[in-house]
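Chemist: Provided herewith is a single structure, encoded as structure tokens, for subsequent inquiry.
Protein chains in written order, with this note's numbering: chain U, 73 to 300; chain L, 73 to 300.
Right, dumping it as structure tokens:
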């Protein structure tokens, strides 16, 4: 039994948006797939704890922005590692509201789809929502970001609420390298983590969300270098 | 509304195998995805008309072989465009039988998973089967074949029973080029197709399954050249 086999399953990277009346929320997702072609039904898998789940239940609508390969990690972090319960994710990004009232994120998006929920299936921690396509547009041509690219090339990580999160994701064969903040000299020790800011012990520096900042001076991750 | 937006959804390429007692069958699929991580549940979407659907219903087991990028088109054609009702797909390929009795295809496979069905959802033409992982092995390292690679680089096509089949798939901007069999001189005219052998009118030569052979002499597609 080698559960790393699961890492060979292919996914894309998407932003799922929905609304509750005039309130908007959005989150990163990697499980989007077409189920039937007549009618065209797509499925998404959403963690019941996610704020977006509540919005989809309310409006019965969701949109899917298909992210391009060069989407910056901090843009993904904004939608993947922060909750809409404490932050309006639609501030400072390009988006639009479709005729149904459902929002759609346009930044770094090659194409988008909107769907009306026609069925849902309970899968313990997650719900599979089935949606019939109501709108679909291609914004520009380009390469899509795959989940493999996000992990292997961009060094991205997976939120604990994702279907594909693996418990050992933060423990690889990589040594527990310390990193030092070039601005203030703070040393990040992966054995300790940064528990005050939600980073548990045994978290590699590479696995800290890009939204994390130096707990001392507030510098972002790009300001850190390997500690010799 | 531009349904080509759907083509930007990322998938992999897989062979789903199952058994009915000691009988085996297998088919190509592109919709495999993890749904939850505790327990690890994966989902597949299978057309109800497919022979494999009947086998999964019977044994409540299925295996997934994750195909590598260099899988030959004719190998995919064997599992994607032929039915197990008329052909034993396990002849002349490397495979093994797991302790449950479920077969798994090993040729061109980077890794495999086996699952026991724990739930299923009816989606009109298709069934989503949810399976709890019972076995998983990595056979070798390498690049997985994505659905995009299969279509864009390998020039592969989609069976009509696939969730992602699009009606206009056979009508592109490419001209209706005729092809001639170098062995017997038969000319394939895309405006006519080869209806006796299941190739409808308006099917480009490039879109004919690689399992198709010259209706006159039985030569395979590689024996055809463009007709000036």
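Positions of the beta carbon are idealized from the N, C-alpha and C atoms, including for glycine. Owing to the predicted nature of the structure, the values given are computational and were not obtained by experimental measurement.
1. Using 8 Å as the cut-off, can you tell me whether the region 124-135 of chain U makes contact with the region 265-273 of chain L, which would need three or more C-beta pairs spanning the two stretches below that distance?
2. Considering only residues of the same chain and omitting the five flanking positions on each side of residue 198/L, which have a CB-CB separation below 7 Å?
3. Measure the alpha-carbon distance for residue 105/L versus residue 181/U and round it to whole angstroms.
4. With a cut-off of 8 Å, does the C-beta of residue 13/L fall near any C-beta of chain U?
5. Grab me the residues of residue 107/L's own chain with a C-beta within less than 6 Å of its C-beta, minus the 5 sequence neighbours each way, in chain order.
6. Taking any Cβ of chain L, which residues in the region 169-195 of chain U have a Cβ under 8 Å from it, in chain order?
7. I'd like the ranges of any beta strand (DSSP E) spanning at least 3 consecutive residues and lying wholly in the region 104-180 of chain L.
8. In the DSSP assignment, find the alpha helix (DSSP H) that holds residue 219/L and state where it starts and stops.
9. Go ahead and label residue 99/L buried or exposed: buried means 16 or more other beta carbons lie within 10 angstroms of its beta carbon, across all protein chains shown.
10. List the residues that DSSP assigns as beta-bridge partners of residue 183/L.
11. Which stretch, first to last residue, makes up the beta strand (DSSP E) that contains residue 273/L?
12. To the nearest angstrom, how far is it from the Cα of residue 82/L to the Cα of residue 91/L?
13. Mind listing the chain U neighbours of residue 84/L? Cutoff is C-beta to C-beta under 7 Å, in chain order.
14. For residue 292/L, does the three-state DSSP call read helix, strand or coil?
15. Let's see if you can read the secondary structure: which residues bound the beta strand (DSSP E) around residue 90/U?
16. Below 7 Å on C-beta distance, what does residue 142/L contact in chain U?
17. Please report the straight-line C-alpha distance between residue 78/L and residue 168/L, rounded to a whole angstrom.
18. How big is the Cα-Cα spacing for residue 193/L and residue 130/L?
Modeler: This is what the structure gives:
1. With the cut-off at 8 Å, the region 124-135 of chain U and the region 265-273 of chain L do not touch.
2. Position 126 of the second chain, counted from the start, is the residue given in the question as residue 198/L. In chain order, 117, 118, 119, 120 and 235 place their CB closer than 7 Å to the CB of residue 198/L, counting only its own chain and leaving out the 5 sequence neighbours on each side.
3. The residue given as residue 105/L occupies position 33 in the second chain. The residue given as residue 181/U occupies position 109 in the first chain. Those two C-alpha atoms are separated by around 22 Å.
4. What is shown of chain L runs 73 to 300, which leaves residue 13/L out entirely.
5. The residue you call residue 107/L lines up with position 35 of the second chain. So the list reads 113 and 115, once near-sequence residues are dropped.
6. Listed in sequence order: 182, 183, 184, 185, 191, 193 and 195.
7. Listed in chain order, the complete beta strand (DSSP E) runs (minimum 3 residues) inside the region 104-180 of chain L are 104-109, 112-119, 133-139, 167-169 and 175-177.
8. For the purposes of this step, residue 219/L is taken as residue 147 along the second chain, with counting starting at 1. Where residue 219/L is concerned, the enclosing alpha helix (DSSP H) stretches over 219-224.
9. Looking up residue 99/L in the second chain gives position 27. Its Cβ being crowded by 16 or more others within 10 Å, residue 99/L is buried.
10. For the purposes of this step, residue 183/L is identified with residue 111 of the second chain, where counting begins at 1. Residue 183/L is bridged to 138/L and 210/L.
11. Counted from its first residue, the second chain places residue 273/L at position 201. Boundaries cannot be given for residue 273/L, as no beta strand (DSSP E) includes it and DSSP labels it neither H nor E.
12. Here residue 82/L refers to the residue found at position 10 of the second chain. Here residue 91/L refers to the residue found at position 19 of the second chain. If you take the alpha carbons of residue 82/L and residue 91/L, they lie about 28 Å apart.
13. Here residue 84/L refers to the residue found at position 12 of the second chain. Chain U residues near residue 84/L: 81 and 82.
14. Numbered from 1 along the second chain, position 220 holds the residue referred to as residue 292/L. Strand.
15. The residue labelled residue 90/U in the question sits at position 18 within the first chain. Where residue 90/U is concerned, the enclosing beta strand (DSSP E) stretches over 86-92.
16. Residue numbering aside, residue 142/L sits at position 70 when the second chain is read from its first letter. Per Cβ cutoff of 7 Å: no residues; residue 142/L is ~15 Å from chain U at best.
17. In the second chain, counting from the first residue as 1, residue 78/L sits at position 6. In the second chain, counting from the first residue as 1, residue 168/L sits at position 96. Taken atom to atom, the span from the alpha-carbon of residue 78/L to that of residue 168/L is near 35 Å.
18. For this step, residue 193/L is matched to residue 121 along the second chain. For this step, residue 130/L is matched to residue 58 along the second chain. In this model, residue 193/L and residue 130/L are separated by some 16 Å (Cα to Cα).
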